[in-house]
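*Asks:*
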Amino acid sequence: MLSNYFKTALRNLLRNKVYSFINIAGLSLGLTCAMLIVLYVKDEVSYDRFHKDVNQIYRIGFQEISKDGAKGRKDAITGYFQGPRFTQNIPEIKSFVRVQGGNRDIKSKGEIYSQELSYVDSSFFSVFSFPLLSGDPKTALVHPQTVVLSETEAIKQFGTTDAVGKTILFEENKQFVPYTVTAVAKKCPQNSSIKFDVLLPMIVSKEDEQNSENWFNFFLNTFIVLKPTANVQAVERKMKMVYEKDAASEIKAQFDKYGVTQKWAYLLQPYTAMHLSTEMPAQNGLSGNSNPVFSYILSGIAVFILLIACINFINLTVARSVKRAKEIGVRKVVGSGRKQLIVQFMGESFILCFIAFVLALVVVQLILPVFNDLSNKALAFSYLLDAKLIGGYILLFILTGLLAGFYPALVLSKYNPTQTLYGRFAIAGKNYLQKSLVVTQFALASFLIIATLTIFSQFNYLTNAKLGYDDTDLVGVQKWDMNREQAQVLKNELKKNPNIVEVAPKNGGFWGTMAKVNGEKQLQFAYETVDETYLPLLKVSIIQGRNFSADYPSDSSHSVIVNEAFVKEAGWKDPLNQVVDFWYHNKKYNVIGVVKDYHFEGLGRKIGPQLFTMKKDNGYGIVFIKIKPHTETASLQYIEKVFKKMFPINPYVYKFKHIENLENYQSEAKWKTILLFGAVLTIFISAIGLFGLSVLSAEKRTKEIGIRKVLGASVGGVVTLLSKDFLKLIIVSFLISMPVAWWATNKWLENYPYRINVGWGIFTATGIMVLIIALATVSFQAIKVAMANPVKSLRTE
Amino acid sequence: MIKLKDISKWYSNGSAKAHILRHIDLEIKEGEFASIMGPSGSGKSTLLHIMGMIDDPSEGEYSFEGESVFTLKEKQRSELYKKHIGFVFQAYHLIDELTVYENIETPLLYHKISSSERKAMVADILDRFQIVGKKDLFPEQLSGGQQQLVGIARAVITKPKLILADEPTGNLNSKQGEEIMDLFTRLNKEDGVTIVQVTHSEKNASYGSRIINLLDGKIA
Chain A
1128 MLSNYFKTAL RNLLRNKVYS FINIAGLSLG LTCAMLIVLY VKDEVSYDRF
1178 HKDVNQIYRI GFQEISKDGA KGRKDAITGY FQGPRFTQNI PEIKSFVRVQ
1228 GGNRDIKSKG EIYSQELSYV DSSFFSVFSF PLLSGDPKTA LVHPQTVVLS
1278 ETEAIKQFGT TDAVGKTILF EENKQFVPYT VTAVAKKCPQ NSSIKFDVLL
1328 PMIVSKEDEQ NSENWFNFFL NTFIVLKPTA NVQAVERKMK MVYEKDAASE
1378 IKAQFDKYGV TQKWAYLLQP YTAMHLSTEM PAQNGLSGNS NPVFSYILSG
1428 IAVFILLIAC INFINLTVAR SVKRAKEIGV RKVVGSGRKQ LIVQFMGESF
1478 ILCFIAFVLA LVVVQLILPV FNDLSNKALA FSYLLDAKLI GGYILLFILT
1528 GLLAGFYPAL VLSKYNPTQT LYGRFAIAGK NYLQKSLVVT QFALASFLII
1578 ATLTIFSQFN YLTNAKLGYD DTDLVGVQKW DMNREQAQVL KNELKKNPNI
1628 VEVAPKNGGF WGTMAKVNGE KQLQFAYETV DETYLPLLKV SIIQGRNFSA
1678 DYPSDSSHSV IVNEAFVKEA GWKDPLNQVV DFWYHNKKYN VIGVVKDYHF
1728 EGLGRKIGPQ LFTMKKDNGY GIVFIKIKPH TETASLQYIE KVFKKMFPIN
1778 PYVYKFKHIE NLENYQSEAK WKTILLFGAV LTIFISAIGL FGLSVLSAEK
1828 RTKEIGIRKV LGASVGGVVT LLSKDFLKLI IVSFLISMPV AWWATNKWLE
1878 NYPYRINVGW GIFTATGIMV LIIALATVSF QAIKVAMANP VKSLRTE
Chain B
112 MIKLKDISKW YSNGSAKAHI LRHIDLEIKE GEFASIMGPS GSGKSTLLHI
162 MGMIDDPSEG EYSFEGESVF TLKEKQRSEL YKKHIGFVFQ AYHLIDELTV
212 YENIETPLLY HKISSSERKA MVADILDRFQ IVGKKDLFPE QLSGGQQQLV
262 GIARAVITKP KLILADEPTG NLNSKQGEEI MDLFTRLNKE DGVTIVQVTH
312 SEKNASYGSR IINLLDGKIA
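Line by line, the protein sequences give chains A and B. Take the first sequence: its letter number 651 is residue 1778 in this note's numbering, and every next letter is one higher. Take the second sequence: its letter number 189 is residue 300 in this note's numbering, and every next letter is one higher.
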């Protein structure tokens, strides 16, 4: 019995190569996407779960509570104090570990470079389950000048994982000091928020341990382990009490000095909730944080594609059933019941699904590297060894088989043999189901095309819009803690080379602070330490007053320059000579100039208030070097030479500003590619489905077309006749997708303070594109039929 | 074997009824070879389908081997039909995707017969019909007469008591037609199979023992 079904099914597949191709190609593409997404989602939800007792691990965070009791922003950043003080005073807390991300310069094989690493408490290996290859987890992180390496790092440094007892040179007070390797850890799992190559013990000075200001310096992650019986809310209440008691005098001091009236309510974030949190993401030395929206969008696209492929299967199977009607009739006449027919057709859909499934497995294997790159993951097929995942894939297979096969099986098995065997049979008149399925397909495809075009235009806008300053041929070279004199020497040295146009030092990283204006109003702003060359170098125009100048020595002690946004926020009519009061330092500065607003933080953020100072005790951290166009190689060589001569113990790191600016939009760039893939796949699968339907519809109407041609219909007339109905459907589907896409794209664009308008252009382009694709698909077959000699088609009747 | 009582069939065409069969009373005895004749549209095929239980009348009673067919449940009816009735069509209606052997085997699959038994039965019938050499060919590789032989082989392999044939020679030339009719006669005489055929041809009807003339849905 089964072999009979199987033979019929396989021979059917082989005889109808076009349909088999459409179905298998569509389904395997759909399944490929679904499998990739299953992998992705599995990785997301399994993140960080490998630690023993992970449900007892929490991260300490806080919520700001304003003076009037309103709840404000949440954050999970803490300082030196929270971990030890809470653990001391709250019995439910078993232990704590602090993890601080950072960089240290390493000298290895004559090369100096900056190494990313984490400072952690000695309890690190007892709280987290990172197995060691060698070394003692209890003592590995106890003493200063010791280091724990990952196996990858050990191999990189020493060519072997057998590295315990060997030393690495770390920078310490401008000297390179040997640190002893105390342990080598296995490579961190890829689905871990904590991924380390180098761990250094966290050493807190006696002074810092006593300084209660540390209640307010936030720069690291504190994790605690609760006893299994502990109640989280109770612990949170106790944390508040401990803090308010222990920090009482400091809270008052902060109020006196900075006027801080805000309170912090401490809270606990489950360790496993960190990875997908948008409120309190994994950061400050933790990595891999991801927005759950990504999972939703990816899953959405995969479901779209799988659905569209299943629709193809349903539509083609039902449409083709005219041809199989005879077989169905015969089987019924020779004794088959309806149930047996349903089993047969379901079986066929499962065979097809199975072929597609196997193909999809192969394709997934092949394109996994591309997908990993797109999704920022390191997924591997070895994940498949997981029982749950295999279960998931089998479920996916069964669901697809059912989804695609059930309806056709139901329809086909219903046919009445007296009709099918006597040629009185026609597929039921209006075919609403087929039509609405085609509409669904193309609505989904149009939606994705509109989304893709929107993200492309926005990306194009972000990367091409004028930033308000000149970032061409601008190299940034990092040098932390550079004083005035060093900057001046570096500048002079660099400018000896004719390829170097100008050099301007600036503070490194992003600084923000606050000050009072108009005597009382507190203002938060970006705080830029520069010299007089910086603004001219960026070609930022000064619209009022003047730039800093070496001719006015008081500029470095009494003057600031602000941007337009600052002036607006401060509410100044006449900004020049207004006073900016850094009351907590007892310093007042006069505004000497106003610069035109420029996008100093990129187009991802609104331009906020910005203030420039030449204040002497602020160190520089980066120099911007303007080079002559087309002199990159020569200039960079020269810059490197000068830098290494002047700062032999510092790593040399440079970056072109325009490249750094582009990197701001990496996530947009990724989404652009993902959506492009999604849109191309959906439109491709929809189009091959439409093609299949048009072939069937043309075949069904062969006789009609023959008669029409004998009666004098032109080729054009016949093509129109055959294409018209399909094109109507495409237009309907486009009209359905348009408002939805308009709403969704606008919602997405709201994330950007500077954005394009979703104009009619995108919709018109999408409409025309979909219509052309559909027209080409349908008319290909229509023209073939219309050109055929009617004698042939009529003779066979 | 077959007792039809007051069978009528019509289609509603708006308010008017289009009658296909009107008040048919008919009895077919076991071992008969009956031919239903009549002009196009007289309801011959419909009558045959009703006898074969693949079509339902609008009213009337039908008893097959003493069982009242229309009071049976769908499943029992299908069992009854499967056990006793074989169909032969004018257009042969073989499954294009299956070989001669597989086509003949198909009914056995639905009769839950074991694989070894199936092999023996199919081999036997291929031998009897002298089409052993054709067993691996597909229908499209056979002539019309050969296809009809396969069709009949498929109909008789389950050893039915009744064969219903709808213009079995309609698509064949006269020589092929004669062969088929000879085969029917043999089945009727030697195996005692009851045969009811629909035919236009007086000559074919003469092979049978009885002629039922239909005109405008009535027995004339």
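All residues carry an ideal CB built from backbone N, CA and C; glycine is no exception. Fair warning: this is a prediction, and the values are worked out from it, not measured in the lab.
Below 9 Å between beta carbons: does that hold for phenylalanine 200 of chain B and aspartate 277 of chain B?
*Replies:* Reading the second sequence from its first residue, position 89 is the one you call residue 200 of chain B. Reading the second sequence from its first residue, position 166 is the one you call residue 277 of chain B. Against a cut-off of 9 Å, the Cβ pair of aspartate 277 of chain B and phenylalanine 200 of chain B comes out as a contact.
*Asks:* I think isoleucine 1432 of chain A touches glycine 1157 of chain A, with their Cβ atoms under 8 Å apart; what is that distance to the nearest whole Å?
*Replies:* Your numbering for residue 1432 of chain A matches position 305 in the first sequence. Your numbering for residue 1157 of chain A matches position 30 in the first sequence. Right, the Cβ-Cβ distance comes to about 5 Å (below 8 Å), so this counts as a contact.
*Asks:* Within 10 angstroms of the Cβ of isoleucine 1766 of chain A, are there 16 or more other Cβ atoms? Answer buried if so, exposed if not.
*Replies:* On the first sequence, residue 1766 of chain A is found 639 positions in, with the first residue counted as 1. With 16 or more other Cβ atoms from the protein chains shown falling within 10 Å of its own Cβ, isoleucine 1766 of chain A counts as buried.
*Asks:* Is the CB of proline 1544 of chain A under 9 Å away from at least one CB in chain B?
*Replies:* Mapped onto the first sequence, residue 1544 of chain A falls at position 417. At least one chain B Cβ lies under 9 Å of proline 1544 of chain A.
*Asks:* At the 9 Å Cβ level, is isoleucine 131 of chain B part of the contact set with chain A, yes or no?
*Replies:* The residue given as residue 131 of chain B occupies position 20 in the second sequence. Not closer than 9 Å to any Cβ of chain A, the Cβ of isoleucine 131 of chain B fails to qualify, so no.
*Asks:* Tell me whether phenylalanine 1343 of chain A sits in a helix, a strand or coil according to DSSP, three-state version.
*Replies:* One-based indexing of the first sequence puts residue 1343 of chain A at position 216. Residue state, collapsed to three classes: coil.
*Asks:* To the nearest angstrom, how far is it from the Cα of isoleucine 1669 of chain A to the Cα of lysine 1283 of chain A?
*Replies:* One-based indexing of the first sequence puts residue 1669 of chain A at position 542. One-based indexing of the first sequence puts residue 1283 of chain A at position 156. Each residue's Cα considered, the two are about 50 Å apart.
*Asks:* Go ahead and pull the three-state DSSP assignment for glutamate 1238 of chain A.
*Replies:* Working through the first sequence from its first residue, we reach residue 1238 of chain A at position 111. Of the three classes helix, strand and coil, the one that applies to glutamate 1238 of chain A here is strand, per DSSP.
*Asks:* Against arginine 265 of chain B, what residues of chain A qualify as contacts under a CB-to-CB distance less than 7 Å, listed in chain order?
*Replies:* Indexing the second sequence from 1 puts residue 265 of chain B at position 154. In chain order: Val1461.
*Asks:* Answer yes or no: do leucine 1468 of chain A and histidine 204 of chain B have a C-beta to C-beta separation smaller than 9 Å?
*Replies:* Stepping through the first sequence from its first residue, residue 1468 of chain A is reached at position 341. Stepping through the second sequence from its first residue, residue 204 of chain B is reached at position 93. Cβ distance not < 9 Å, so leucine 1468 of chain A and histidine 204 of chain B don't count as in contact.
*Asks:* Contact check, serine 1864 of chain A vs alanine 1570 of chain A under 8 Å by CB: the rounded distance?
*Replies:* Within the first sequence, numbered from 1, the residue matching residue 1864 of chain A stands at position 737. Within the first sequence, numbered from 1, the residue matching residue 1570 of chain A stands at position 443. Right, their Cβ atoms sit about 4 Å apart.
*Asks:* Let me check one thing: in DSSP terms, what residues is methionine 1609 of chain A bridge-paired to?
*Replies:* Position 482 of the first sequence, counted from the first residue, corresponds to residue 1609 of chain A. A/Tyr1747.
*Asks:* Tell me which same chain residues have a C-beta within less than 6 Å of the C-beta of lysine 155 of chain B, skipping the five on either side of it?
*Replies:* Within the second sequence, residue 155 of chain B is the residue found at index 44, counting from 1. So the qualifying residues of the chain are Ile147, Gly149, Val309, Leu325.
*Asks:* Please report whether the beta-carbon of threonine 217 of chain B lies at a distance below 9 Å from any beta-carbon of chain A.
*Replies:* Residue 217 of chain B sits at position 106 when you count from the first residue of the second sequence. So yes, threonine 217 of chain B belongs to the interface.
*Asks:* Looking at the C-beta of isoleucine 1478 of chain A, does it have a partner C-beta in chain B at a distance below 9 Å?
*Replies:* What you label residue 1478 of chain A is simply residue 351 of the first sequence in a count that begins at 1. Taking Cβ atoms only, chain B never reaches closer than 9 Å to isoleucine 1478 of chain A, which makes this a no.
*Asks:* What in chain B is Cβ-close to valine 1457 of chain A, meaning under 7 Å?
*Replies:* Looking up residue 1457 of chain A in the first sequence gives position 330. In chain order: His204, Ile206.
*Asks:* What first and last residue would you give for the beta strand (DSSP E) that runs through methionine 1329 of chain A?
*Replies:* Taking the first residue of the first sequence as 1, we reach residue 1329 of chain A at position 202. Unbroken run through methionine 1329 of chain A: none, as it is neither H nor E.
*Asks:* So the beta strand (DSSP E) glutamine 1737 of chain A belongs to, where does it begin and stop?
*Replies:* Stepping through the first sequence from its first residue, residue 1737 of chain A is reached at position 610. Looking at the DSSP string, the run of the beta strand (DSSP E) that includes glutamine 1737 of chain A is 1737-1740.
*Asks:* Using a Cβ-Cβ distance under 9 Å, would threonine 1135 of chain A count as near chain B?
*Replies:* Here the question's residue 1135 of chain A lines up with position 8 in the first sequence. At least one chain B Cβ lies under 9 Å of threonine 1135 of chain A.
*Asks:* Run down chain B in chain order and give the residues with a C-beta less than 8 Å from the C-beta of glutamate 1454 of chain A.
*Replies:* If you number the first sequence from 1, residue 1454 of chain A lands on position 327. Ile206, Asp207, Glu208, listed in chain order.
*Asks:* Report back the beta-carbon spacing between valine 1628 of chain A and lysine 1797 of chain A to the nearest angstrom; my notes put them in contact at under 8 Å.
*Replies:* Counting from 1 along the first sequence, the entry for residue 1628 of chain A is found at position 501. Counting from 1 along the first sequence, the entry for residue 1797 of chain A is found at position 670. Going by Cβ atoms, the distance from valine 1628 of chain A to lysine 1797 of chain A rounds to 35 Å, so no, they are not a contact pair.
*Asks:* So is valine 1616 of chain A buried or exposed if we call it buried at 16+ other beta carbons inside 10 Å?
*Replies:* Walking along the first sequence from the start, residue 1616 of chain A turns up at place 489. Exposed, since its Cβ has fewer than 16 Cβ neighbours within 10 Å.
*Asks:* In whole angstroms, what separates the C-alpha of glutamate 1924 of chain A from that of threonine 1829 of chain A?
*Replies:* Counting from 1 along the first sequence, the entry for residue 1924 of chain A is found at position 797. Counting from 1 along the first sequence, the entry for residue 1829 of chain A is found at position 702. Low per-residue confidence applies at glutamate 1924 of chain A: pLDDT is 35, beneath 50, and the placement is therefore not dependable, though the value from the model is reported in the following sentence. Roughly 10 Å separates the two Cα atoms.
*Asks:* So which residues of chain B does glycine 1464 of chain A contact, with C-beta pairs closer than 8 Å?
*Replies:* The count along the first sequence starts at 1 and reaches residue 1464 of chain A at position 337. Those within 8 Å of glycine 1464 of chain A in chain B are Lys186, Ser189, Tyr221.
*Asks:* Under 9 Å between C-beta atoms, does histidine 160 of chain B make it to chain A?
*Replies:* Walking along the second sequence from the start, residue 160 of chain B turns up at place 49. Judged by the 9 Å Cβ criterion, histidine 160 of chain B is in contact with chain A.
*Asks:* So what's asparagine 124 of chain B in DSSP terms, helix, strand or just coil?
*Replies:* As a working note, residue 124 of chain B is residue 13 in the second sequence. Looking at asparagine 124 of chain B - three-state DSSP - the assignment turns out to be strand.
*Asks:* By how many angstroms is the C-alpha of glycine 1819 of chain A removed from the C-alpha of glutamine 1471 of chain A?
*Replies:* One-based indexing of the first sequence puts residue 1471 of chain A at position 344. One-based indexing of the first sequence puts residue 1819 of chain A at position 692. Distance between the alpha carbons of glutamine 1471 of chain A and glycine 1819 of chain A is about 23 Å.
*Asks:* So which residues on chain A does aspartate 166 of chain B lean against when the C-beta distance must stay under 7 Å?
*Replies:* Looking up residue 166 of chain B in the second sequence gives position 55. Those within 7 Å of aspartate 166 of chain B in chain A are Thr1545.
*Asks:* Out of A/Pro1625, A/Ala1814, A/Val1644, A/Phe1751, which one is the CA nearest neighbour of histidine 1757 of chain A?
*Replies:* Counting from one through the first sequence, the residue named residue 1757 of chain A turns up at place 630. Closest option to histidine 1757 of chain A, Cα to Cα, is A/Pro1625.
*Asks:* Closer than 9 Å, CB to CB, is asparagine 1139 of chain A near chain B or not?
*Replies:* Taking the first sequence and counting its residues from 1, the one referred to as residue 1139 of chain A is at position 12. For asparagine 1139 of chain A, the closest Cβ of chain B is nearer than 9 Å.
*Asks:* Run down chain B in chain order and give the residues with a C-beta less than 8 Å from the C-beta of leucine 1548 of chain A.
*Replies:* Counting from 1 along the first sequence, the entry for residue 1548 of chain A is found at position 421. Correct list: Phe200, Ala202, His204.
*Asks:* What three-state label does DSSP hand serine 1841 of chain A in the structure shown?
*Replies:* Position 714 of the first sequence holds residue 1841 of chain A. Serine 1841 of chain A falls in the coil class under three-state DSSP.
*Asks:* For phenylalanine 1177 of chain A and alanine 1281 of chain A, what's the separation of their Cα atoms in angstroms?
*Replies:* Counted from its first residue, the first sequence places residue 1177 of chain A at position 50. Counted from its first residue, the first sequence places residue 1281 of chain A at position 154. If you take the alpha carbons of phenylalanine 1177 of chain A and alanine 1281 of chain A, they lie about 23 Å apart.
*Asks:* Considering serine 1394 of chain A, what are the terminal residues of the alpha helix (DSSP H) in which it resides?
*Replies:* Your numbering for residue 1394 of chain A matches position 267 in the first sequence. Reading the sequence as shown, one finds leucine at residue 1394 of chain A and not serine. Run containing leucine 1394 of chain A: none in the alpha helix (DSSP H); it sits in the beta strand (DSSP E), 1390-1397.
*Asks:* Is serine 151 of chain B close to chain A? Criterion is C-beta to C-beta, closer than 9 Å.
*Replies:* Walking along the second sequence from the start, residue 151 of chain B turns up at place 40. Chain A, which has no Cβ nearer than 9 Å to the Cβ of serine 151 of chain B, makes this no.
*Asks:* Any beta carbon of chain A sitting closer than 9 Å to that of serine 312 of chain B?
*Replies:* Position 201 of the second sequence, counted from the start, is the residue given in the question as residue 312 of chain B. No, no contact with chain A.
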